[in-house]
Every structure is written in structure tokens, then in C-alpha cells.
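For the first sequence, our numbering begins at 328 and goes up steadily by one.
Glycine included, C-beta positions come from ideal geometry on N, C-alpha and C.
In this text the structure is predicted, and so the values were computed from the model without any measurement.
Scroll down for the structure; my scribbles are underneath it.
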Amino acid sequence: MAQRRAKVERWRARGVDPYPPRFRRSHTAREAVAALEEAERTGHAPPRVTVAGRIVAMRQMGRATFIDLRDASGRLQTYHRLDVLGEEAYAALDDLDLGDIVGVEGEMFRTRTGEPTVQARAYSLLCKALRAPPEKWHGLQDTETRYRQRYLDLMVNDVVRERFRLRHRIVQAVRRYLDERGFLEVETPVLQPHAGGAAARPFVTYHNALERHLYLRIALELYLKRLLVGGYERVYELGRVFRNEGVTARHNPEFTMLEAYQAYADYNDIMELTEGMVAYATREALGSLQVPWGDTVIDLTPPWPRVPLREAIRQHTGVDIEAHRDTAALREAAAALGLAVDPSWDWPKLVDELLANFVEPRTLQPTFIIDYPVELSPLAKAKPGAPGLVERFELFIAGREVANAYTELNDPTEQRQRFQEQLRRRAAGQEEVELGDEDFLVALEHGMPPAGGLGVGIDRLVMVLTGQTSIREVVLFPALREKGPA
RNA sequence: GGGCCCGUAGCUCAGCGGCAGAGCGGGGGACUUUUAAUCCCAGGGCCGUGGGUUCGAAUCCCACCGGGCCCUCCA
328 MAQRRAKVER WRARGVDPYP PRFRRSHTAR EAVAALEEAE RTGHAPPRVT
378 VAGRIVAMRQ MGRATFIDLR DASGRLQTYH RLDVLGEEAY AALDDLDLGD
428 IVGVEGEMFR TRTGEPTVQA RAYSLLCKAL RAPPEKWHGL QDTETRYRQR
478 YLDLMVNDVV RERFRLRHRI VQAVRRYLDE RGFLEVETPV LQPHAGGAAA
528 RPFVTYHNAL ERHLYLRIAL ELYLKRLLVG GYERVYELGR VFRNEGVTAR
578 HNPEFTMLEA YQAYADYNDI MELTEGMVAY ATREALGSLQ VPWGDTVIDL
628 TPPWPRVPLR EAIRQHTGVD IEAHRDTAAL REAAAALGLA VDPSWDWPKL
678 VDELLANFVE PRTLQPTFII DYPVELSPLA KAKPGAPGLV ERFELFIAGR
728 EVANAYTELN DPTEQRQRFQ EQLRRRAAGQ EEVELGDEDF LVALEHGMPP
778 AGGLGVGIDR LVMVLTGQTS IREVVLFPAL REKGPA
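Listed below in C-alpha cells is the structure:
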């Protein structure tokens, strides 16, 4: 770094600002190459271009120097000759380093090997880098540095740069799909007096002026439903939610969730919406509905199978949960399958565990698991003619839960009872249950139209579509422990 | 919270009781169409941190810090 600082001073001594305020380029790297090809096709004189980018390679050969620049569009080689630039300008090339950002002006030509190249007439330093970029052969491998200093990862690892472009295309397509169907995108509070809408531990913060604790939201649901009460019939929010839990390959404490609510729809309509949306986003982002996953291929062509939860568990374990309505009986059956059963688990928790351990990881192809026990779904509407069940589905792809949805419960009296039931479950030992809040119940008492709602873990969806098994590979700056004193 | 693995030069990694190593990058030199340029020269280190064992520790043991994977939990 000392050497690079000395070079900064030499540029200054030469009367050059090593950090000039602006630079106008005429072409990106890709445009410059395209302009050359166009000139070659039409027989015109080669174009004169002004390009700019980071120095990613430099080959000095005495009285000639090749520099590879990279901008957002790609790489471009520039060629600098002593007899073209003159003594002074050519000698100053010695004070350039890998990682510096420079601008180069000159005519496009092709070298002996056919490489499109800028014949430099002039060049200028646009930003002197004081620290060296990662090594060029192996690039940056160290996962910790890749996450902590993501800019280095993006600088040298093309696949990573491309992956986050893909994430953008997926999110963009999801928005477009919903927008085109008349959904209104809204923003609801991140800081909430009660953290509801999911069963998870919230982050707690404190508002000084209000003199009260607030929670970072764990879901979007309860506010979006208030908007249905208000008269919007199709709303969605795509935003960050926060859950105060372990950091793993599948969990980041903050993650991006999509929730959408549609009045006068039920969970069957929402399944069609989900299929259509995911298939659309996949095709828009990847150009195909066949997605590589490990050594297999996931086919996202709709429609996707809809399997009742009871059937799914029976298929994968041989256990019929309806034949084990008694908690003790189901616990015994689960234990017989090799599940490490916690004695505090109640019947619905056991069902949830069977699902998570035996169905979810084995469900590679997109599958809707439908009709859940009411205790697991306190915000979902009961399924007519099916006591104890609600109209709910979860979408599994690549062994992961990607979406969760139901026909929304809009009976305020029953909703109040459901929340009380959750409180009883918690009192009986279940740590994480879904709690309601009075304001939400008051809203329901004003009347919410029948509706279907959907929640999609966007990071999970991006993982599936980009073939990644760690959420940190699809989140630009994943949560890491603070770097200690070495 | 539990288990397993990892931490050595700017980067990628060898070394695993006996002088701290290589490639790339960086420095000096040669070279006017190279592209992993090539060739010559000289450098570069609290071996994650702190204890312990030993005549002697990067190497063995313990603790701590940080990371990865799996389990737990969730989405």
C-alpha cells in the first residue's frame, strides 16, 4: 500500500489529480467492440472510442503495453505504444496498478490474434486504487472474504456478478406478473407494536420519543389484510422481514418476503397464481422451465401436483396421522420412524415435524402440499366438510419450502378464538406460536372480504432458480458475526 | 445450543516436532501485436489469539476468536 500511496503522490507531482471528479466515455467495452464490428462490416474507418474501466491485467513489453480494462459490460484490451503516447505519458504507465480505474481514448483495431483492441492515443487515471485486487488465477475463494468484502467477490467472480443480476430479473418478473394482474404494491410498517403473522421470535427495538418497545416485523400479513378491509382487492408487498433466529445456510436473520392478497379468491386460485408467477419468473430469468439442480433437473412446467398433507406423510412414512389422532400415539409413531421426539411437542407440532423431516427434503419437483391441521394455521379458514383442517398449502421445490398460502380466515370471532388457542399452546410448552393483536381483530370486525393470501420466500426461490444451497450465495451482504480482534 | 472441519506472505495453497515454502500479485531490469505474455534479479511472515507439553511447536494438547458444513429452528 505504501508503494501505491507513493504513486498517488507522483501523479500529483505530475500535475494530475488521481481522483478527478468526472470522465465522459463514448462507449462501453461491449459497445466499442460492436462499433468495430459494424465498421468492419460496412467497410468504414475504424471507430474512435473513449472507454473507461478497472485495470484487470497489464502486460508491459518494453516500448509497448497491453492493458485489459473491465467495465460493467465486459472486458476490453487497450494497446499503448511509446511512439504514439510520447515519452512522458508512456513512462507514467509505470504508476498504474492492477485495480486502478482509467479512461482510454483511441481507434479500435484488431491485433494479430484478432483481439478487438483500443489503440491508445491518450489515457487518464480516474481513480488510484490503494489496495491490490485479489489474485487472478484462482480468484477469490475464501468464503469469509467473499461475504465480508462482497465487492471483491463481484470484482473477480463473474458467476457471482451474474447471479445477482439473475436475482434482479426474478424479482422484476414477480413484480411485473402481479402488476399486470391488477395488484397494488404497498409498503407497510417495519416497526410494529406487535410482531404477528408468523411463528417466530422477533427483534426488539426501542423508540425513544414514544417511550415504548417496538418489534421488527416477522411477516407482512396482518397489515396487508387491513388493506383488504380498506377496500383494495389485490395488494402485495415485497420487502424485508426479520426473524431473531439462528444463522444457517438456509436462514439469514433478515430476508425478503413477498406477500400477496387477493379478495374473492381462495387457495385454489392462489395455487394457480403461484404456479403462473413462479413459471413466469423462471422463464423470464432463465429462458426455460427446466432448472438444473445438483445432478438432476427440476421441471417447473405447470400445473403442479396438489397432495393433501395427510397423503404426503402417509406416502413418505407409512403413518396415517388421522389414525393417530391421539398425541401419545402419534409421538410413538414418529419416534418409531427415528425422529428425535421432544416430549413437549403436541399433536400439530408432531405433524409439522413429520412434514419437515420426511416430506419436505424429499420433495424435489414442485409440489403443493395442501390441507393442514387448524392448530398449525391460526390465520387460515377452515376447510368445509373436513373437521380439523384448513384450506392451506405450502409449495415445496428442491426440498425447500418456497411458498405458504391459504384461504384467509375473515370471521373475527373465530380469529379471536384461534389466537387464544395459540396462547394455550404456548402455555402448554410450545415456544413459538402465532400471536394476534387487538388492532388487527378490530379491523376484521369491520369486515374483510373472502380472500386468498400468499407468502413467498424470495431468497429461497432465487436459491432454487440459481442452483445454490446456501442463502448467503443469493444475499449480497449476509449476516456474519462481527470480526473479532484476530 | 450441539457435532465435525478449517485459519501459514496481498491472493491461492503446500509444509504437520528440528533454518518459514511455492505459484500468482507487488519491487528492480530486458522486451513495440501481448492476452495465465516471456526471461533475469532481489524482496516479502505476531504460521488467527492466549496458555500448556517439549531440549525444541506453524506442527502435539487446552481455551478463546472467526469461518464452513451438518443437526436444532424457521421461510
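Item	Value
Among GLN617, LEU681, THR623, the one whose alpha carbon lies nearest that of GLN642	LEU681
Reduced DSSP secondary structure (H/G/I, E/B, other) of PRO688	helix
Segments of 3+ residues assigned as beta strand (DSSP E) that fall wholly inside the segment 695 to 750	716 to 724, 727 to 734
Bounding residues of the beta strand (DSSP E) (the contiguous stretch that carries THR532)	531 to 534
GLN589, buried or exposed, once every other Cβ within 10 Å from all chains shown has been counted against 16	buried
Inter-residue spacing [alpha-carbon to alpha-carbon] between LEU663 and LEU722	Sequence check: residue 663 is Ala here, not Leu. Each residue's alpha carbon lies about 27 Å from the other.
Identity of the residue in ASP622, ALA379, VAL343, GLY380 nearest ALA419 by Cα	VAL343
Proximal residues to ILE798 (C-beta, below 6 Å), its chain only, five neighbours per side dropped	ARG577, ASN579, ASP786
Where PRO347 falls, given that 16 or more other Cβ within 10 Å makes a residue buried	exposed
Nearest-angstrom Cα separation, counted from ILE648 out to THR654	10 Å
TRP674, DSSP secondary structure in three states	helix
Rounded distance between the beta-carbons of VAL360 and PRO461, thought under 8 Å	Not confirmed; about 26 Å, so no contact.
Those residues which DSSP pairs with TYR588 across a bridge	VAL562, GLY780
Opening and closing residue of the alpha helix (DSSP H) in which ILE497 lies	485 to 507
Three-state class that DSSP yields for GLN468 in the structure shown	coil
Alpha-carbon spacing of LEU547 relative to GLY763, whole angstroms	13 Å
Complete alpha helix (DSSP H) runs within the segment 598 to 656 (minimum length 4 residues, chain order)	636 to 644
Whole alpha helix (DSSP H) elements within the segment 388 to 460, 4-residue minimum	409 to 412, 414 to 418
Given 8 Å, three or more beta-carbon pairs between the segment 466 to 477 and the segment 446 to 455	no
From VAL783, ARG719, ALA754, LEU403, residue whose alpha carbon lies closest to that of TYR594	ARG719
Per-residue DSSP class, three states only, for ILE545	coil
Cβ-Cβ distance between LEU549 and PHE804 below 7 Å	no
C-alpha gap between LEU283 and PRO693, whole angstroms	Because the chain spans 328 through 813 in this model, residue 283 falls outside it and cannot be assessed.
Selection from MET435, ASP485, ASN535, HIS521 that minimises the alpha carbon distance to TYR542	HIS521
Helix, strand or coil at LEU796 according to DSSP, with G and I counted as helix	Checking the sequence shown, residue 796 turns out to be Thr, not Leu. DSSP places THR796 in coil when its eight states are reduced to three.
For GLU358, the three-state DSSP class (helix, strand or coil)	helix
Expected contact under 8 Å - CB spacing of ALA356 and ASP424 to nearest Å	That belief does not hold up - the Cβ atoms of ALA356 and ASP424 are roughly 20 Å apart, past 8 Å.
Assigned exposure category for ARG745 - 16 Cβ within 10 Å defines buried	buried
TYR559 beta carbon less than 7 Å from that of ALA587	no
Sub-7 Å separation of PRO675 and LEU703 beta-carbons	yes
Classification of PRO711 by the beta-carbon crowding that lies within 10 angstroms, buried from 16 upward	exposed
Segment limits, alpha helix (DSSP H) that includes PHE767	765 to 772
heavy atom of the ligand NAD below 6 Å from MET584 C-beta	This structure simply doesn't include the ligand NAD, nor any ligand for that matter.
Cα-Cα separation, VAL498 to ARG439	44 Å
Alpha carbon of THR644 to alpha carbon of ARG637, nearest angstrom	11 Å
Cβ-Cβ distance between ARG508 and ALA770 below 7 Å	no
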